[in-house]
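Taking the working numbering, I'd label the letters of the sequence shown as residues -5 to 272.
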Amino acid sequence: MKPITFLDLAIALLSAKSALAVAEWGQCGGLDYSGGSTPSPTGYFTNPIKNSNGSDLYMFYDGGYYYLMTTTWSNLQITRATTIAGLKTATPKVVWSRDSVASRYCGYWAPEVHNINENWWIYYTAGAEGTMDYQGVHVLKGGATPWDSYTYQAQLKPPNAPTAWNIDGSILTINGSTPSYSLGLLKYIGGDPLNKANWQKSGPHVTSANGNYGPGHNGFVTTPGGVTYLVYHATPDSAGNCRGNRYTALQPMSWASDGITPTFPVPAKVGTQIPAYP
């Protein structure tokens, strides 16, 4: 196997997202299961599954565990459990904390975990203390499982201008965080994924509702039985904010008759019984 380069890593991360991407839009029941009958729920859980510091989540299933990655201003955390409900009481593990390098000292946002060439990698955003300028994307290398230790590798791409943020591999202009923070849909229609003409944008799709404000930074997680959940963070603050009171929530989602286009759920009131599918 050839050694992995950071170009390989960047291409792999792009490929992992290229088929269907859900973008954050705005400012910082029944399940139609395609491919077979809907399995019966094995129980129920309630949101939030992480009540504080549930921001900028990334969730996946691997090796018998659900993994939930979240962030604070100063560290990256992973929580794991064998069930979704189990994440509510599992103890988070801090997998990376701020170090002494000034250019990546704080502002830890938007981490993701990917298995590439039999290693787990985390990429995340960080920047300098006391300013929101020049946030950049950094890479950590893990081991054979997501629960192993991580070591710092490099900064993938430095930001190219003041007041521009390098988050999730793209430049995002600073414009604050309000209750209008929500989800939009980017659909890949073929051709070069680096050409913006090959993406169709729609939305917003998931907006503030039922006491959940600023639902954003979504992800998808699929159970071993093949049921897909939408994962997102939100805040109880009706003005919207980016503080530690943002929590993580999950709800099952459905698909249109084409089996490709997602139909997003309306954020349910905190404490609502959510079916737990196998």
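Ideal placement from N, C-alpha and C gives every residue a C-beta, glycine not left out.
Just to confirm before moving on: does the CB-CB distance between residue i and residue j stay below 7 Å?
i: G136; j: A120; result: no
i: W193; j: L180; result: yes
i: V89; j: L70; result: yes
i: P173; j: G208; result: yes
i: E123; j: Y146; result: no
i: P246; j: Y223; result: yes
i: V221; j: F258; result: no
i: Y55; j: R74; result: no
i: Y175; j: G234; result: yes
Under 6 Å Cβ to Cβ from residue i, same chain only, skipping five residues before and after it: list those, please.
i: D142; result: G136
i: H227; result: G48, S49, L51, H211, R240, T242
i: S91; result: N69
Please classify residue i: does DSSP put it in a helix, a strand, or coil?
i: K44; result: strand
i: K263; result: coil
i: N189; result: coil
i: Y274; result: Given that the chain is displayed from residue -5 to residue 272, the structure contains no residue 274 and the question cannot be resolved.
i: W141; result: coil
i: N204; result: coil
i: S251; result: coil
i: I168; result: Here the model assigns I168 a pLDDT of 48, short of 50, so the residue's position is not dependable, and the following value carries that caveat. Note: I168 maps to coil in three-state DSSP.
i: S34; result: coil
i: F258; result: coil
i: L150; result: strand
i: P209; result: strand
i: G136; result: coil
i: C22; result: Because the pLDDT at C22 is just 38, under 50, the model does not fix this residue reliably, and the value given afterwards should be weighed accordingly. In this structure, C22 counts as coil in the three-state DSSP scheme.
i: R198; result: In the sequence on display, residue 198 carries Pro and not Arg. In the structure shown, P198 sits in a strand (DSSP, three-state: E or B).
Please work out which residues of its chain come closer than 7 Å, Cβ to Cβ, to residue i, disregarding the five sequence neighbours upstream and downstream, and give them in chain order.
i: I254; result: none
i: P272; result: P33, T36, T217, P218, G219
i: Y38; result: Q267, I268, P269, A270
i: P273; result: Lying outside -5 to 272, the shown extent of the chain, residue 273 is not represented and no answer is given.
i: G238; result: S46, N47, T66
i: D231; result: Y207, N239
i: I78; result: F39, I43, Y60, L244, A270
i: P140; result: D56, Y61, I72, V107, W114
Starting from residue i, trace the beta strand (DSSP E) both ways and give me its first and last residue.
i: T242; result: 241 to 246
i: F54; result: 49 to 56
i: G182; result: Position check: residue 182 holds Tyr in this sequence, whereas Gly was assumed. Per DSSP, Y182 belongs to the beta strand (DSSP E) from 176 to 182.
If I measure Cβ to Cβ from residue i and keep anything under 8 Å in the same chain, skipping five residues before and after, which residues do I get?
i: D186; result: N192
i: G58; result: T76
i: G80; result: Y60
Could you tell me which whole beta strand (DSSP E) segments of length 3 or greater appear in the segment 212 to 237?
Whole beta strand (DSSP E) segments, 3+ residues: 222 to 229.
At 3 residues or longer, and completely inside the segment 60 to 130: list those beta strand (DSSP E) runs for me, N to C.
Listed in chain order, they are 69 to 75, 87 to 91, 100 to 110, 113 to 121.
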